[in-house]
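Structure first, commentary second.
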Amino acid sequence: MIFFSNPRRSVLSASSAFYLSFKPEALMSKKITTRSENYSDWYIDIVTRAQLADYAPVKGCMVIRPNGYEIWEKMQSVLDKMFKDTGHRNAYFPLLIPESFLQKEAEHVEGFAPECAVVTHGGGKKLAENLMLRPTSETIIWHMYSKWITSYRDLPLLINQWCNVLRWEMRTRLFLRTTEFLWQEGHTAHAAKEDAEEETLKMLNVYKTFAEEYMAMPVTAGLKTESEKFPGAVNTYTIEAMMQDKKALQAGTSHFLGQNFAKAFDVTFQDEAGERRHVWASSWGVSTRLIGALIMCHSDDQGLVLPPKLAARQVVIIPIWKGDDEASRVIECAHKIKEELSVKFSVHVDDRRQYKPGWKFNEWELLGIPLRIEIGPRDLESGNVVLSRRDKKEKSTVPMKSVSDETARLLETIQKDLFQRARDFREANTFLADDFQGFKERIEENGFYRIHWCGQGKCEERIKEETKATIRCIPLDAVEESGKCIVCGAASPRRVLAGRAY
RNA sequence: CGGGACGUGGCUCAGCCUGGUAGAGCACUGCGUUCGGGACGCAGGGGUCGCAGGUUCAAAUCCUGUCGUCCCGACCA
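Counting in this note's numbering, the first sequence runs from 819 upward without gaps.
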C-alpha cells in the first residue's frame, strides 16, 4: 500500500474512483475558448479537444493520449539522437529509492522531501525502510556510480535515462505541472571540474538548439539565481521561453553539481598520479512540460499549431467530391499524391465519407497538422491541388507535378515562420526597466524585463513579493553594462531577465 | 492547505429552491439524399444524476462527509 508524505488515504479509495470517473472517447464539437477571453481555459481546451491528454482518476495525474504521446515520441527521438551524438548512452535506474538515500545531501533532502511520495508497505507488511518514488534520480544514480567508478579511465561516465518521476505538487496543470511526468535525466561524472562545467553548458546548448530548431521556440539560456537553483547543485542553468500570454516558462535545466553528490555518496577515482579524488558531476533534464510549451508558444484560437519538424503527421490530404464515381477518382488521386509525398513526409489521406470537407478542415486545424492538401474535381480537371498552411490562413494553388517540391518548401517555410513570429513576439514584449515603481506597474501586463540587480537575495525577494515576478535567469549572452540595482541602487555589472512565470 | 465556482448519457447544460415515471441540443448507430470552410431527413441506442453515509413511504432534488476539476493565493520542471 502506498501513502504519501501527507497520508490522507490509501490506494483503495482511488481504485474505486477509477471506474466511476473513467470515460471513453470524448469527441470534439464545442468551440474553443479564445486566448483573449481566458488564456488558461484556452490552454485546457486545446489539450482536451485536440485529445493530447485527459485527466486521470488520481489528482494531478494525466493520461497522455496518442495525439499527445506522438509529440513526445518525436521529441524523444530527436533529443535521444542529440544525446547519443554527444557521447551519452541510455540506462534505466529503478523507480523506488531507499528513503535514507535522499537524506545524504543536505540541500537535496530539504528541496525534495516535501514533495516525495513514500511507499511504507509491501506484500501486506510494513517495510523496514520506507521507499520513495523518485522525484529525480541523483541519489540512486550516485549510489551506483560509487560502485562503478574507480579509475580516471572510467571517466567521463555519460548516462541518460528516459523515465517517469513523481512530485507531489500543490497545483497541477496538464503537461505544465503534473504529479507524475515523463522526462529524461542525464547524469555525468567527470575527472576535472572544467569537464563537468563544460558538459553542463554543452547540454544546455543542446536544449537550446532543440527548442529553437525543432520546437521553433526561441529561448534565453542563462544562469539561475541562488534561490532558484536545483537543490544540491552548485549552479543551475535554464532555458526560458515566453508564452503567448507573455509569461515565462522554464523549458529545460542543466546543473553543475560540483562534488556535492560525489561527496555524499563517496564517489572517488584514482587519477594518473595515483591520487584518490572525488568526481565532478552534471545533471540535466527536459520533460513533457515541453509539450505544454509547444502549445502555448504557437497554437491559436482554432486549435493546435505544430511545427513541421515535430508533427507526427505533417500533411493531410482531403479529397473533395460530388457523387460516387467522382469520389473514387478523387480518392485514387489523393492516394497517388500521398505515395509520392510519403518518400519524404508523413502523410495522411482523410477519405472518410461521413464528413464533409469543411468539417474535416476544421478538425485537422484543431489537431495542428502543418499542411493540408485539398483535391477535388476542379483540380483533377486543371491538374492542380490546393495547399493550405495551418500557421497562417493562406491557401495556394499549385500544379500537381510540383506538389512534392512545394510541400517541402512550404513545410520549411512554416517551420521558419513559426520561429520568426515567436521571436518577434518575444522581442516586442521584452523591455528595459530601470525604475522599480514603473516596473511594478508595467509587470501587470506580463512580459520580460531586463533589469539591473545587485545579486543580493533580499533584493530578489523584494522583487518577488512586490511584483510576483522572479528573476528568470542571468542570460549567458548578457553584455557587461554597469548599472544600479533596480531595488537598492547598488552596483550591478549586467542586466538580468525578470518576469512572471509558470 | 485557505478563498471562490462546479460535478446529471461521450460533450455542453436544464431539472434541484418547493422530494413523487431522468430531459434537451450536439455527438453516436442504421438507411437515404448531400459533399470546394463545421449538411439534411427518417428510424434507433445510451444515464443506478461524482462517491459514501443520513433524513423520508419516496432523494438528481434536503443534510453530513468525501473525491475530483477549474479560477485566485503560499510550493515547483
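Backbone N, C-alpha and C define an ideal beta-carbon position, used for all residues, glycine too.
ask   = What does a CB cutoff of less than 6 angstroms around residue 1024 pick up in its chain, not counting 5 residues either side in sequence?
value = Excluding residues within five positions, the ones whose Cβ falls inside 6 angstroms are 900.
message = By the three-class DSSP mapping on this structure, what secondary structure does residue 1286 have?
response = coil
query = How about residue 951 and residue 897: do their beta carbons lie closer than 8 angstroms?
reply = no
key: Residues bridged to residue 916 (per DSSP)   = DSSP output for residue 916 lists 949 as bridge partner(s).
query = How is residue 922 classed by DSSP in three states: helix, strand or coil?
reply = coil
Cβ neighbours of residue 1258 in the same chain (closer than 7 angstroms, five flanking residues each side left out) = 1284 and 1285
key: Residue range of the unbroken beta strand (DSSP E) whose run includes residue 940   = 935-940
query = So does residue 939 have its beta carbon nearer than 7 angstroms to some heavy atom of the ligand SAH?
reply = As for the ligand SAH, it is missing from this structure, which has no ligand bound.
request  = Just tell me which of 1079, 1301 and 1001 has its CA closest to the CA of residue 1253.
outcome  = Cα-wise, what sits closest to residue 1253 is 1301.
request  = Report the option in 1190, 1145 and 1162 whose CA atom is closest to the CA atom of residue 1172.
outcome  = 1145
request  = Give me whichever residues DSSP pairs with residue 1215 in a beta bridge.
outcome  = 1204
Nearest candidate by alpha-carbon position, reference residue 1147, set 1205, 991, 1194 and 1104 = 1194
The segment 966-981 in contact with the segment 1009-1018 per 3-pair CB rule at 8 angstroms = yes
key: Environment of residue 1040 [buried if 16+ CB atoms lie within 10 Å]   = buried
query = Since residue 978 is in the beta strand (DSSP E), which residue starts that stretch and which ends it?
reply = 975-984 is the extent of the beta strand (DSSP E) around residue 978.
message = Could you tell me the alpha carbon to alpha carbon distance between residue 1312 and residue 1250, rounded to whole angstroms?
response = 12 angstroms
task = Since I believe residue 1315 is in contact with residue 1038 (beta carbons under 8 angstroms), could you give me their beta-carbon distance rounded to a whole number of angstroms?
result = 6 angstroms
query = So, using beta-carbon positions, are residue 925 and residue 1275 closer together than 8 angstroms?
reply = no
Neighbourhood of residue 886 by C-beta distance below 7 angstroms, restricted to the same chain and skipping five residues each side = So the list reads 870, 871 and 1109, once near-sequence residues are dropped.
ask   = So, residue 1100 versus residue 1046, is the Cβ gap smaller than 8 angstroms?
value = no
Proximal residues to residue 1165 (C-beta, below 6 angstroms), its chain only, five neighbours per side dropped = 1133, 1156 and 1159
key: Alpha-carbon spacing of residue 1179 relative to residue 874, whole angstroms   = 30 angstroms
inquiry  = With DSSP as the reference, identify every bridge partner of residue 1137, one or two as the case may be.
reply    = 1193
request  = Indicate the three-state DSSP secondary structure (helix, strand or coil) for residue 853 in the structure shown.
outcome  = coil
inquiry  = Suppose contacts are defined by Cβ-Cβ distances below 8 angstroms. Is residue 1185 in contact with residue 1121 by that definition?
reply    = Using a Cβ distance threshold of 8 angstroms, residue 1185 and residue 1121 count as a contacting pair.
Counted within 10 angstroms of its Cβ, other Cβ atoms place residue 1139 as buried (16 or more) or exposed = With a threshold of 16 other beta carbon atoms within 10 Å, residue 1139 meets it and is buried.
request  = Can you have a look at residue 910 and say buried or exposed, based on whether 16 or more other CB atoms are within 10 angstroms of its CB?
outcome  = exposed
ask   = Around the Cβ of residue 968, are there at least 16 other Cβ atoms within 10 angstroms (buried) or fewer (exposed)?
value = Classification for residue 968: exposed.
query = Since residue 800 and residue 1084 are thought to touch, with beta carbons under 8 angstroms apart, how far apart are those beta carbons, to the nearest angstrom?
reply = In the structure displayed, the chain extends from 819 to 1320; residue 800 sits before or after that span and is not available.
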